[in-house]
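> This structure is in structure tokens; I'll ask about it shortly.
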């Protein structure tokens, strides 16, 4: 699977985990040079507290377009160290 935004591959992996129709990519498969930490957090009742990254590619920014669970609740421990995308990031094979 690939995560593509602004004509760049942001992440690529054969080992994504699908949760609620979102592909979670292993952190090591995500190109860190495109990630900017965000101060945004949201809470999922069963996954826990999510943290976000903004994407910056070729001078363009996609605010809070990636999220992850640094310390997920027990029901979601399988996505520890995994990152998911939205806000126009195309997920494709």
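In full-length UniProt numbering, the protein residues as written are 1 to 93.
Cβ atoms here follow ideal geometry from the backbone N, Cα and C, with glycine treated the same way.
Could you name each continuous beta strand (DSSP E) segment of 3 residues or more that falls completely within the region 17-82, going from the start of the chain to the end?
Counting only runs of 3 or more, we get 17-19, 22-26, 35-44, 48-57, 60-68.
> What does residue 2 pair with, by DSSP beta-bridge criteria?
12, 92
> Looking at C-alpha atoms only, which residue of 86, 81, 79 is the closest neighbour of residue 55?
Shortest Cα-Cα distance from residue 55 to any of 86, 81, 79 involves 86.
> What do you get for residue 78, buried or exposed, if any count of 16 or more other CB atoms within 10 angstroms of its CB means buried?
exposed
> For residue 90, which residues of its own chain have a beta-carbon under 6 Å away from its beta-carbon, when the five flanking residues on both sides are left out?
Non-local beta-carbon contacts of residue 90 in its own chain, meaning distances under 6 Å to residues more than five positions away in sequence, involve 4 in chain order.
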